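> Taking our numbering, the leading residue of the first sequence gets 29, the next gets one more, and so forth.
Glycine residues also receive a C-beta, built at the ideal position from the N, C-alpha and C atoms.
Just so we're clear, the structure is a prediction, and the values are computed from it rather than from any experiment.
Sharing a structure, written as C-alpha cells. Questions coming.
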Amino acid sequence: MPELPEVETIKNELAPHILGGTITGITLLWDGIVKKPSVEEFRSRLTGQKITSLSRHGKYLVLSLSNDDLLVVHLKMSGSLLLGRDSTQQPEYTRAVFHLDGGTKIFFRDPRKFGGVWLVRDWKTVTKNLGPEPLEADFTPQVLTQQLRNRKAPIKALLCDQSVIAGIGNMYADEALFAARINPLRSGASLTPEEIGRLHHAIQQTLRAAIGSKGASIVNYYRPGGETGTAHFDFKVAHGRGRNCPNCGRPIQRIPVRNRGTYFCPGCQPAP
DNA sequence: CCCGGAACCTGAAGGC
DNA sequence: TGCCTTCAGGTTCCGG
29 MPELPEVETI
39 KNELAPHILG
49 GTITGITLLW
59 DGIVKKPSVE
69 EFRSRLTGQK
79 ITSLSRHGKY
89 LVLSLSNDDL
99 LVVHLKMSGS
109 LLLGRDSTQQ
119 PEYTRAVFHL
129 DGGTKIFFRD
139 PRKFGGVWLV
149 RDWKTVTKNL
159 GPEPLEADFT
169 PQVLTQQLRN
179 RKAPIKALLC
189 DQSVIAGIGN
199 MYADEALFAA
209 RINPLRSGAS
219 LTPEEIGRLH
229 HAIQQTLRAA
239 IGSKGASIVN
249 YYRPGGETGT
259 AHFDFKVAHG
269 RGRNCPNCGR
279 PIQRIPVRNR
289 GTYFCPGCQP
299 AP
C-alpha cells in the first residue's frame, strides 16, 4: 500500500529513467484510470510532451511536462509504476502504458482499479485539502498541535486524514503511535503537549526510516524496477497479527478504527 | 465544520 | 476440492 515513503521511493527511482524523456504515446487497457480530462484530450495533450521534473505531494506523484501541464498519479492501494523496455512483457493487471522516446515504458499496474491519473494545470485541484508535509522543515510540534486542536476523533483516524497531515496511511499511523506510546483511540484533543512532542518525533522518525528501507512491501507494493522494499521487516506492530510486542511481550491487538485494521500494544499504549 | 460509516474494487488467505 | 467469509485500505460521498 503506497504511503509517503513508498511514493517517495517510486519518485526517486523513476526519476533517472524518465527525466528528460518525451512521451510518444499512451496505451490504455482500462479507460477508467483516466480521471481528468476525457480520454481523448488526455491522450492528445500528453503525447509529445517532455517530462521536466518529478515531485511528491502527500501520496500523489506529480510529473511536470514541457507544456506546463502536470500529470498527477495516485496509486491508491494496489497500484505500481513499473519500468520496462520495448521487449518487456506487459505485467498482469496493467491498466495503462506510457511510451517514452528511446524505448522506455512505464506500466501502471493496478489489480484493484483504485488508482488514477489526472492531467491538470495545478495539482492542488486534484489533491484538494492536503495538510502539512510531515518531513518538511515547517512541520513543527506547534503545527501538529494546531492540526489536532479541538479534534474529538481518534488520533489514529486523524493521522490518516490527509487534510491533517499529508502522506500518512494505515501502516505508518500504527507504527508512529506505537513509537509515541499513544493508544490509537485517544482523541486528538486529549493529547498532552508532551505526547504531541513524542508523536511529532515518531512520525518523522518512522517515515524517514521507511524511506531509508525503500518502503514497505506488505502487499502489492513494488519499486519501479520490480523490487520490494524492506521497511515492513522493521514494523513493531503494524500488520502484527499473532505477534507479540517487541517491548513488553504482550500479544499485539487488532481493533477496527474507522473500519481500518488497527494494530497496537495494550501494554505500551494504554487505553484512554 | 466535525464525525463515522458506506462505497468503490478485486485478489489472497483462511475456515469449514 | 470448493465455496464462503474476511481482510487488505486511500479517498470521496453522505447523513446526522
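What do you get for Glu36, buried or exposed, if any count of 16 or more other CB atoms within 10 angstroms of its CB means buried?
Buried is the call here.
> Who are the Cβ neighbours of Pro279 in its own chain at under 7 angstroms, not counting the five residues just before and after it?
Asn272
> In the structure shown, what three-state DSSP assignment does Phe261 receive?
helix
> Per the contact definition of three or more C-beta pairs closer than 8 angstroms, is the region 176-187 in contact with the region 213-233?
yes
> If you compare alpha carbons, which of Arg137, Gly131, Phe292 is closest to Pro119?
Arg137
> Taking C-alpha atoms, which residue in Ser108, Thr132, Phe126 lies nearest to Ser115?
Thr132
> What's the C-alpha gap between Lys152 and Thr234?
26 angstroms
> From Glu203 to Ala266, what distance separates their C-alpha atoms?
Computed Cα separation, rounded: 6 angstroms.
> State the start and end residues of the unbroken beta strand (DSSP E) segment that holds Arg73.
No beta strand (DSSP E) contains Arg73, which is instead part of the alpha helix (DSSP H) from 67-74.
> Quick one: what does DSSP say Gln190 is sitting in, helix, strand or coil?
coil
> Indicate the three-state DSSP secondary structure (helix, strand or coil) for Lys184 in the structure shown.
helix
> Roughly how many whole angstroms lie between the Cα atoms of Val154 and Arg113?
Straight-line measurement puts the Cα of Arg113 at about 30 angstroms from the Cα of Val154.
> I need the DSSP call for Phe206, collapsed to helix, strand or coil.
helix
> Distance check for Tyr88 and Thr52, CA to CA, integer angstroms please.
23 angstroms
> Are the region 55-64 and the region 80-94 touching by the rule of at least three beta carbon pairs closer than 8 angstroms?
Counting C-beta pairs with one atom in each stretch, the region 55-64 and the region 80-94 have fewer than three that are closer than 8 angstroms, which means they do not touch.
> For Ala299, does the count of other Cβ atoms within 10 angstroms reach 16, so buried, or fall short, so exposed?
The residue in question, Ala299, is exposed, as its Cβ has fewer than 16 Cβ neighbours within 10 Å.
> Which term fits Asn95, buried or exposed, when burial requires 16 or more other beta carbons within 10 angstroms of its beta carbon?
exposed
> At the level of alpha carbons, what is the spacing between Ile196 and Leu99?
In a straight line, the C-alpha of Ile196 is about 22 angstroms away from that of Leu99.
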